[in-house]
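In my numbering, the protein residues as written are -18 to 193. The block underneath contains the structure these notes are about, expressed in structure tokens.
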Amino acid sequence: MRKVMPWAVFGLFGAFLLAGTVVIFLRDGRIRAERRAFTEARNTPSLAELKLQNKTLTVQMGRLAPSGAWIIIDTGRNILTLRRGEAVVRQAVISSGSGSILDDPAGRRSWVFDTPRGVFSVKSKIRDPYWVKPDWAFIEENKPVPKHLDERIEGGVLGDFALSFGNGYFIHGTLYTRMLGRNVTHGCIRVGDADLEAVFKASSVGTKVFIF
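Below you can see the structure in the form of structure tokens.
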């Protein structure tokens, strides 16, 4: 009779153990996968639930919107939207900041002509505004910067109305209506006459201005 070596017996025993372990692992992995799939299916909202969530979010967003008039300015598309609550009252083609850079030849200063982004509010409303030209306006025209205030004042270039939203930026009229729809300003928002009048009349000090 052929003698079976002990190491062979242990080898067979180990093989059976290994096979059993693989089977256990496979079964355990399958069970976990099935459990995970069941949990995901249970947690996936139904169409009715999604519709309800969407309706709830719409109501919540509506509550966040100002109740009176408010202004949205899209500088990418150059569109101003006047809203009252959730309703769109008027849309206007505008011009916004060019993003260009002007360097002072003296090397001390530079200006970036961007329209600021963020949430602002109307600080003041002005009829028949005049422009107090800043230093960069003269540097841009290759003219010496004047020392006296009266040399900086220029009328008739901002239209009939202007709304300040802080830091020297205004929503105002323009002589260059052919440039509406383009990013050409020094940061202010230029609006055509009829649209500007409508926005001016609908707004008051404190009206929110959202710019993006």
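We put the CB at the ideal spot given by N, CA and C, even for glycine.
Item checked: Candidates Gly136, His129, Gly80, of which the one nearest Thr196 by Cα -> The shown model of the chain, from -18 to 193, leaves out residue 196, and the question about it has no answer.
Check: The beta strand (DSSP E) spanning Lys189 covers which residue range?
Finding: Taking the sequence shown and counting its residues from 1, one reaches residue 189 at position 208. First-last of the beta strand (DSSP E) with Lys189: 189 to 192.
Check: Per DSSP, which one or two residues make a beta bridge with Phe151?
Finding: Sequence index remark: in the sequence shown, residue 151 carries index 170 (1-based). Answer by DSSP bridge pairing, in chain order: Ser145.
Next item on the list: Within the segment 63 to 95, note down every full beta strand (DSSP E) run reaching 3 residues or more, in order along the chain.
Entry: 68 to 78, 82 to 84, 91 to 93
Check: Based on the DSSP output, what are the partners of Ala50 in its beta bridges?
Finding: As a working note, residue 50 is residue 69 in the sequence shown. Beta-bridge pairing links Ala50 to Arg65.
Next item on the list: Could you tell me which residues DSSP pairs with Arg171 in its beta bridges?
Entry: Position 190 of the sequence shown holds residue 171. BP columns for Arg171 point to Ser76, His153.
Check: Any contact of the segment 97 to 116 with the segment 139 to 147, i.e. 3+ C-beta pairs under 8 Å?
Finding: yes
Check: Hey, out of Asn164, Val113, Arg159, Ile75, whose CA is closest to Val126's CA?
Finding: Taking the first residue of the sequence shown as 1, we reach residue 126 at position 145. Measuring from the Cα of Val126, the nearest candidate turns out to be Val113.
Margin query: To the nearest angstrom, how far is the alpha carbon of Phe191 from that of Gly99?
Written below: Against the sequence shown, residue 191 aligns to sequence position 210. Against the sequence shown, residue 99 aligns to sequence position 118. If you take the alpha carbons of Phe191 and Gly99, they lie about 6 Å apart.
Next item on the list: Report yes or no: do the segment 47 to 55 and the segment 172 to 192 share at least 3 C-beta pairs separated by less than 8 Å?
Entry: yes
Item checked: Exposure label - Tyr150; buried when at least 16 CB within 10 Å -> Reading the sequence shown from its first residue, position 169 is the one you call residue 150. Buried, because 16 or more other Cβ atoms sit within 10 Å of the Cβ of Tyr150.
Check: Going along the chain, which residues of its own chain have a beta-carbon closer than 8 Å to the beta-carbon of Glu121, five neighbours each way excluded?
Finding: As a position in the sequence shown, residue 121 is number 140, starting the count at 1. Excluding sequence neighbours, Glu121 sits near Leu83.
Checklist line | Buried versus exposed, by CB contacts within 10 Å (16 or more), Pro86 | finding: Locating residue 86 in the sequence shown gives position 105, counting from the first residue. Answer is exposed; the Cβ neighbour count stays below 16.
Checklist line | Sufficient close CB pairs (3 or more, under 8 Å) joining the segment 69 to 76 to the segment 160 to 179 | finding: yes
Check: Buried or exposed: which applies to Ile170, given that a residue is buried once 16 or more other Cβ atoms fall within 10 Å of its Cβ?
Finding: The residue given as residue 170 occupies position 189 in the sequence shown. By the 10 Å Cβ count, Ile170 comes out buried.
Checklist line | Glu135 in three-state terms, based on DSSP | finding: For the purposes of this step, residue 135 is taken as residue 154 along the sequence shown, with counting starting at 1. It is a strand residue.
Item checked: Span separating the alpha-carbon of Leu177 from that of His153 -> As a position in the sequence shown, residue 177 is number 196, starting the count at 1. As a position in the sequence shown, residue 153 is number 172, starting the count at 1. Their backbone Cα atoms lie some 7 Å apart in a straight line.
Note to self: Using a 10 Å radius around the Cβ and a threshold of 16 neighbouring Cβ atoms, would you call Ser184 buried or exposed?
What the structure shows: Taking the first residue of the sequence shown as 1, we reach residue 184 at position 203. Label assigned to Ser184: buried.
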